Structure formats: C-alpha cells, structure tokens
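In the UniProt record's numbering, the protein residues as written are 1 to 363.
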C-alpha cells in the first residue's frame, strides 16, 4: 500500500516536475563573492529605485498604461491534473476559458507583487490603479509583508504544509530541499529570503497559500500543437510554428483570446483544501513576454505576472454545472476514502536528486 501511494505521488510529481522553477524579475545579478549564499538570485533593481518611475516595467506596445496585456489568453488544464484529486468542475470550467494578464514591477519581488495584485482584486472586486503613487506604495508594502509571512511560515519547522490534491509536506523538509540547491542551510535560506529582491519561488507559494488559506494556481506559457502533426514535428520548434499558423493563432492580434500562447496550469497549490475561497492565479513566464514569438520563450519562467480569469457566461456556467452532475452520477465526486498523503523527511532526501531538486534550479 505504501509503495502504491508513493508511486501515485511520483507519477503526479513527474507530470509537473518543471513547475515553479525559482523565478525572479527581469534584471538580476549574482554576487561575485565566494560565499555559499552568492548563488541565490537577486534582482539588481530595488524598490527604492522603482519609486516615482512609471511604468515600473519594460514598456511594451502589448501592455496598456495600467499594466494589462492587450490580448487575452485562454487557459487550459495540465495533463498532470487527472492524477490529482481536484474538483472535476474546476477542470471543466477551465478549458479554453479566457483570462487577462497584468504586468507587475520586475524588482526581484515579482512573485509577491503578482500575488498582492491578484489578492487585492479577489478581496475588493476592483483592480489596483497602478498609475497612482499611493497604490504603488501600498503594493510595495503589501508585497514586503507577504514575503515576511511566507518566511515566518517556512520557519515553523514542524508545520505541515498542504500542497495540492491530498499531499502534505513538513515546512522543514521544504526549506531544506530548497537550501540544498545552493549549498546553504535552511536558516540561511530563510534569512536571505526575508530580504527584498531575492527571487521567490515554489516554497514561498506553498507557504502563502497555507497562510492566506486560499488556493494559488500557477500557469506557464504553452504553444498549442496540432493533434495531426507527427512526433517529429510535435517536438520541434518548426513543427510547433507550422501547427500554430494552421490553427489560425495570431502573433499580435489583440482581439483573439488565443493570441500567441495559451496558459497551461502547472500547479493548483491549496486545492481542494482551501477551495472555499476563490483561487489566486499567477503566471510564471519568460520576462520578455509578451514581446516574443511562440517557441522563443525560456523553458522555465523567470518572472511572475497576475492572471484574472473572466467570469463564465450564463450558457457556459450551465454547461459546466451539467457536466459536473454527470460526473457525480458516475461516482467521481469523492476521493474514494483516500487518506491525506504525508511525505516524510527520509522520502524527501531519497528523491531530492530527481524531481524535488527541479523545483529550485542551480546556476
């Protein structure tokens, strides 16, 4: 039974092993000292240097004056989701549903900025006015607070953190695994992460969804592929581009929800445990996005942005509800008595060289 549970968990992790690679915000620098901590990425920009400068991101014809990307992008579920006990209704409603994306400052705090922006909308129902100095001051202050809350949570060594599906992990195991990628201790990792402009990633997202008790769903850029392409084309950039044009996706069209890329869900941290609260949605992307063509993006994102899904239309909501009813009738509405799965320290240590290490890449 233990091996079966571990096998299911490994299958899950393998499906999204590239998620939440430690990301930062556009302009980064690495310390040149021989200190072991010098390998942790930190932005060369600081909050103080961004104040009074607008826009606080790289100007782009594809981003409006308030930070919203001009085209809309469709969201799709990840292939790994079928292996995780998530709500069927959520997967149904996600399929090809459009969403807006919003840029945030690239000062090394982009993870916390994107969560702050998404959280403000989720709690107040309105978008932040980025052109207001008072709003930007609130954003910087809130992001700094979220950073401290995340590290506070990670320092509770015995705390059991909920991941997704029915998986849990001790905070100490999560921190030690992250720190091991840089050859430092967990305490050193937390001390550095408390400082502004150090790039946040997987551990901090997991911590914040547990602190806020709200799911945080993470997406990546994905290029749609033609199901009729042969395997060689499917795994080549040239094949992807041909597929892209045959499907009629525009590289610059502002009125197409399929513009350029689709947003494929990488992880549903906090679901289904915290699903009573609407999820926050963020995107891990190449910092050059949206000013790059499909196939040119980095394999792993280095910048976070906020995502705002559009509300379902009445007809679409009715369709989703009907599909959910059919699913429940077929007996897919429960977890079949499956117990929460705790991953102990020995298991983490044995797996760390493989999938676990992929959450925090080295230089």
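Ideal Cβ placement from N, Cα and C applies to all residues, glycine included. These figures come from a predicted structure and were not determined experimentally.
Mark residue 280 as exposed unless 16 or more other C-beta atoms lie within 10 angstroms of its C-beta, in which case mark it buried. Numbered from its first residue, the chain shown carries residue 280 at position 280. Buried.
Checking the sheet assignment: what are the DSSP bridge partners for residue 170? Here residue 170 refers to the residue found at position 170 of the chain shown. According to DSSP, residue 170 bridges with 160.
Of the choices 261, 130, 98, whose alpha-carbon is the least far from that of residue 54? The count along the chain shown starts at 1 and reaches residue 54 at position 54. Out of 261, 130, 98, 130 has the C-alpha closest to the C-alpha of residue 54.
What is the DSSP secondary structure of residue 98, reduced to helix, strand or coil? Against the chain shown, residue 98 aligns to sequence position 98. Three-state DSSP puts residue 98 in a strand.
Any heavy atom of the ligand GTP within a distance shorter than 8 Å of the CB on residue 159? With respect to the ligand GTP, the structure shown offers nothing to examine, as it has no ligands at all.
Would the region 74-86 and the region 106-115 be scored as touching if the rule is three or more Cβ pairs under 8 Å? no
Determine which residues share a DSSP beta bridge with residue 309 and list them. Locating residue 309 in the chain shown gives position 309, counting from the first residue. Beta-bridge partners of residue 309 (DSSP): 99.
Distance between residue 169 and residue 153 (C-alpha atoms, nearest Å): Within the chain shown, the letter at position 153 stands for residue 153. Within the chain shown, the letter at position 169 stands for residue 169. Distance between the alpha carbons of residue 153 and residue 169: 13 Å.
Between 285, 276, 184, which lies nearest to residue 213 when the distance is taken from Cα to Cα? As a first step, residue 213 is located in the chain shown; it is residue number 213 there, counting from the start. The candidate whose alpha carbon is nearest that of residue 213 is 276.
Along the chain, where does the alpha helix (DSSP H) that runs through residue 130 open and close? The residue labelled residue 130 in the question sits at position 130 within the chain shown. Residue 130 -> no alpha helix (DSSP H), and no H or E assigned at all.
N-terminal and C-terminal residue of the beta strand (DSSP E) that residue 267 is part of: Residue mapping note: residue 267 aligns to position 267 of the chain shown, counting from 1. Residue 267 -> beta strand (DSSP E) spans 262-269.
Sequence-distant residues of the same chain with beta carbon closer than 6 Å to residue 211, five excluded per side: Against the chain shown, residue 211 aligns to sequence position 211. Its chain contains 149, 153 as the residues whose beta carbon lies nearer than 6 Å to that of residue 211, once the 5 sequence neighbours on both sides are disregarded; these appear in chain order.
As assigned by DSSP and simplified to three states, the class of residue 216: The sequence position of residue 216 within the chain shown is 216, counting from 1. Looking at residue 216 - three-state DSSP - the assignment turns out to be strand.
Which same chain residues, not among the five before or five after residue 203, have their C-beta less than 7 Å away from its C-beta? As a working mapping, residue 203 is identified with position 203 in the chain shown. So the list reads 154, 174, 175, 178, once near-sequence residues are dropped.
Expressed to the nearest angstrom, what Euclidean distance is found between the alpha-carbon atoms of residue 416 and residue 123? Because residue 416 is not part of the residues shown, which for the chain are 1 to 363, the question remains open.
Residue 107, buried or exposed, once every other Cβ within 10 Å from all chains shown has been counted against 16: Along the chain shown, read from residue 1 onward, the residue named residue 107 stands at position 107. Answer is buried; the Cβ neighbour count reaches 16.
Return the residue from the list 208, 198, 194, 183 that minimises the CA-CA distance to residue 161. Position 161 of the chain shown, counted from the first residue, corresponds to residue 161. The option with the nearest alpha carbon to residue 161 is 208.
For residue 301 and residue 285, the rounded distance between their alpha carbons: If you number the chain shown from 1, residue 285 lands on position 285. If you number the chain shown from 1, residue 301 lands on position 301. Each residue's Cα considered, the two are about 4 Å apart.
Assigned secondary structure, residue 147 (DSSP; H/G/I helix, E/B strand, else coil): Taking the first residue of the chain shown as position 1, residue 147 is located at position 147. Residue 147 falls in the helix class under three-state DSSP.
Boundaries (first-last residue) of the beta strand (DSSP E) holding residue 189: Locating residue 189 in the chain shown gives position 189, where the first residue counts as 1. That residue, residue 189, is in no beta strand (DSSP E); its alpha helix (DSSP H) goes 186-193.
Residues bridged to residue 74 (per DSSP): Here residue 74 refers to the residue found at position 74 when the chain shown is read from its first residue. Beta-bridge pairing links residue 74 to 98.
Since residue 103 contacts residue 69 with CB under 8 Å, what's their CB separation in whole angstroms? Taking the first residue of the chain shown as 1, we reach residue 103 at position 103. Taking the first residue of the chain shown as 1, we reach residue 69 at position 69. Yes, residue 103 and residue 69 are in contact; Cβ-Cβ is about 7 Å, under 8 Å.
Residue from 291, 218, 303 whose Cα sits closest to the Cα of residue 198: On the chain shown, residue 198 is found 198 positions in, with the first residue counted as 1. Distances from the alpha-carbon of residue 198 to those of 291, 218, 303 put 303 closest.
Report the three-state DSSP secondary structure of residue 292 (helix, strand or coil). Sequence index remark: in the chain shown, residue 292 carries index 292 (1-based). It is coil, neither helix nor strand.
Report yes if the C-beta distance between residue 119 and residue 135 is below 9 Å; otherwise report no. In the chain shown, residue 119 corresponds to position 119, counting from 1. In the chain shown, residue 135 corresponds to position 135, counting from 1. No, they are not a contact pair.
Closest by CA to residue 291, which one among 43, 201, 63? Residue mapping note: residue 291 aligns to position 291 of the chain shown, counting from 1. Here the closest residue by C-alpha is 63.
Name the one or two DSSP bridge partners that residue 284 has. Residue mapping note: residue 284 aligns to position 284 of the chain shown, counting from 1. For residue 284, which the question treats as bridged, DSSP gives the partners 220, 304.
Closest residue to residue 274 among 94, 100, 165 (Cα-Cα distance): For the purposes of this step, residue 274 is taken as the residue at position 274 of the chain shown. Measuring from the Cα of residue 274, the nearest candidate turns out to be 165.
For residue 68: DSSP bridge partner residues: Position 68 of the chain shown, counted from the start, is the residue given in the question as residue 68. According to DSSP, which records beta bridges pairwise, residue 68 is partnered with 102.
CA-to-CA distance, residue 262 to residue 44, given in whole angstroms: Numbered from 1 along the chain shown, position 44 holds the residue referred to as residue 44. Numbered from 1 along the chain shown, position 262 holds the residue referred to as residue 262. Spanning the two alpha carbons is a distance of roughly 30 Å.
Cβ-based burial, residue 186 [other Cβ within 10 Å; buried from 16]: As a first step, residue 186 is located in the chain shown; it is residue number 186 there, counting from the start. Residue 186 is buried by the Cβ-count criterion.
Round the Cβ separation of residue 298 and residue 101 to the nearest angstrom and send it over; I've been treating them as touching at under 8 Å. Within the chain shown, numbered from 1, the residue matching residue 298 stands at position 298. Within the chain shown, numbered from 1, the residue matching residue 101 stands at position 101. Not quite, the Cβ-Cβ distance comes to about 17 Å (not below 8 Å), so this is no contact.
So, for residue 94: in the same chain, excluding its five sequence neighbours on each side, which residues have a beta-carbon less than 6 Å away from its beta-carbon? Locating residue 94 in the chain shown gives position 94, counting from the first residue. 75, 77, listed in sequence order.
Since residue 309 and residue 270 are thought to touch, with beta carbons under 8 Å apart, how far apart are those beta carbons, to the nearest angstrom? Start at 1 with the first residue of the chain shown, and residue 309 comes out as number 309. Start at 1 with the first residue of the chain shown, and residue 270 comes out as number 270. Not a contact, Cβ separation roughly 16 Å.
I'd like to check one pair, residue 192 with residue 184: are the Cβ atoms closer than 9 Å? Working through the chain shown from its first residue, we reach residue 184 at position 184. Working through the chain shown from its first residue, we reach residue 192 at position 192. Contact: yes.
Which residues in the same chain have their Cβ closer than 6 Å to the Cβ of residue 172, if we skip the five residues on either side of it in sequence? In the chain shown, counting from the first residue as 1, residue 172 sits at position 172. These residues qualify, in order along the chain: 157.
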